[in-house]
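In what follows, a single structure is set out as structure tokens and then discussed.
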Amino acid sequence: SDNKVYRASTTAPVNIAVIKYWGKRDPKLNLPTNSSLSVTLSQSDLRTHTTASCSPKFTYEDSLLLNGSPQDVSGARTQACFRELRALRKKIEAENPSIPPLSTYPLNIVSENNFPTAAGLASSAAGFAALVRAIADLYELPSSPTELSRIARQGSGSACRSLFGGYVGWEMGSAVDGSDSVAYEVAPASHWPNMRALILVVSAAKKGVSSTTGMQTTVATSALFPARANEVVPRRMKEMEKAIAAKDFETFGKVTMRDSNGFHATCLDTEPPIFYMNDVSRAAIRIVEGINNAAGKTIAAYTFDAGPNAVIYYLEENEKAVAGLFKAMLGAKEGWGGNRGVAVPVNDEAM
Ligand code: PMV
């Protein structure tokens, strides 16, 4: 009988949103209350590498090893990804009775991040994107990045955007089954290749309030939230897509900073209030303001996810004025560590 081990490996990049996803209209399917937009970062700096294997001789249940430690795969998110991918494989098996029934074999997933997992650096986005693509490759599914984004979204919302490189949107969609809540390419990285992201690891500690809990309390209690989801973000999505099409960094930067601040304002407006940024985060905001004031225009833009770490977007021609200044100023300062900031270009690999 078949005693083979079937195996496929892939990598997936991190993405950092410039229009934030914050709020679920359906927590089970990870359907968002607003569309969002992100930039995919280079895999040479930040990526998850994942190998998926399956075999009839595996005696254990489905398992997942992340950076060497066993993870719980019984959670609804991981289970949803496994279930969807197995269902697609089953269809192919039903049509081709001669191919091995991989969908019936236990899955063994081995994942490695080349960056600290708990650092709040969107590790779940790269993680679920890599997991979904590795299993899709293992099962030889003919799925497009769009279809895989629909599955990865159910693992972690932001993961759907890591199936594409460059500038990526996530359309909130309107279908109750989530079929139209998928990622799409706004522009390839080659369209605006001189974009850079400086990541300042303020704290490598795991975030205090998980994004799921934070979103749920914000949606339930913030008085600012409905305006953000229904009016502000839809307008910003259009402004941002236009700014990217025109390679207009001033607008890109201004909208990025306003949206980060607006998202964190709804967190502060939540009951009980949620504080993701700290004093060091606020110092980074002031430094970016100083850089932009000195330049007489917006050449640097900060953004913060559900944690204190700053991501600063800038164009390569302003490397010295932005990344150089940050490194010179903060290299020695307590709280920033020695060499914790990395400059990464947007992803240019064929996805
Ligand atoms: O994908 P999640 O559930 O970890 O949520 C991510 C939320 C933010 O990172 C704060 C914003 C975003 O759009 O990535």
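Last residue of the sequence shown: 352 (UniProt numbering), numbering continuous.
Think of the CB as a built atom: it goes at the ideal place given N, C-alpha and C, for glycine as much as any other residue.
Keep in mind that this is a model prediction, so the values were computed, not measured.
The ligand PMV has a heavy atom closer than 8 Å to the beta-carbon of alanine 126.
Judged by their CB atoms, glycine 128 and threonine 49 are nearer to each other than the 9 Å cut-off.
Here the C-alpha atom of alanine 160 lies approximately 22 Å from the C-alpha atom of arginine 8. DSSP, read as helix, strand or coil, puts asparagine 114 in strand. Per DSSP, the beta-bridge partners of cysteine 55 are Tyr7, Leu108. Tyrosine 315 and serine 150 have their alpha carbons spaced roughly 27 Å apart. The three-state secondary structure of isoleucine 100, taken from DSSP, is coil. Between the ligand PMV and threonine 214, a heavy atom-to-CB distance of less than 8 Å is absent. Inclusion of glutamate 85 and valine 74 in the CB contact set at 9 Å is not warranted, their separation being larger than that value. Taking each of Lys243, Ser204, Val111 in turn and checking the Cα distance to serine 10, the smallest one comes out for Val111. Judged by their CB atoms, alanine 188 and serine 163 are not nearer to each other than the 9 Å cut-off. Under the DSSP assignment, glutamine 72 falls in the beta strand (DSSP E) whose first and last residues are 70-72. If you draw a straight line from the Cα of serine 180 to the Cα of methionine 330, it comes to about 47 Å.
Of the candidates Asp249, Pro273, Ile152, Met278, the residue whose Cα lies closest to the Cα of glycine 263 is Met278. When the alpha-carbon of aspartate 138 is set against those of Gly158, Lys298, Ser54, the nearest one is in Ser54. Arginine 197: member of the beta strand (DSSP E) spanning 196-201, first to last residue.
Around the beta-carbon of proline 14, 16 or more other beta-carbon atoms lie within 10 Å, marking it buried. According to the DSSP assignment, aspartate 27 belongs to the beta strand (DSSP E) that extends over 25-27. Between the segment 315-325 and the segment 189-203, the count of Cβ pairs shorter than 8 Å is three or higher; the stretches touch. Excluding five sequence positions before and after leucine 66, the CB atoms of its chain that fall closer than 6 Å to its own CB belong to Val111, given in chain order.
If you ignore the 5 residues before and after arginine 237, its C-beta comes within less than 6 Å of the C-beta of Ile20, Val256, Asp260, all in its own chain and listed in chain order.
A straight-line Cα-Cα distance of about 58 Å links alanine 228 and asparagine 4. Looking at the DSSP output, alanine 302 sits in a beta bridge with Tyr314.
By a beta-carbon distance limit of 8 Å, valine 281 does not contact isoleucine 300. Their separation comes to about 22 Å. Every alpha helix (DSSP H) of 4 residues or more that sits fully in the segment 230-304 is shown, in chain order, as 234-246, 250-269, 280-296.
Phenylalanine 226 counts as buried, since no fewer than 16 other beta carbons sit within 10 angstroms of its beta carbon. With a contact defined as Cβ atoms closer than 8 Å, asparagine 31 and valine 169 miss out at about 16 Å.
Annotated as distal: serine 104 and arginine 78, with beta-carbon spacing of 9 Å or more.
The shortest C-alpha to C-alpha distance from leucine 38 to any of Pro273, Lys239, Lys58 is the one to Lys239. A straight line joining the alpha-carbon of valine 210 with that of glutamate 272 spans about 13 Å.
Short note on phenylalanine 250: C-beta not closer than 8 Å to any heavy atom of the ligand PMV. Listed in chain order, the non-local C-beta contacts of isoleucine 292 below 8 Å within the same chain comprise Ile300, Ala301, Ala322, Val323, Leu326, local neighbours out to five positions each way being set aside.
Taking C-alpha positions only, glutamate 242 is separated from threonine 41 by approximately 15 Å. In the three-state reduction of the DSSP assignment, alanine 307 falls in the coil class, being assigned neither a helical nor a strand state.
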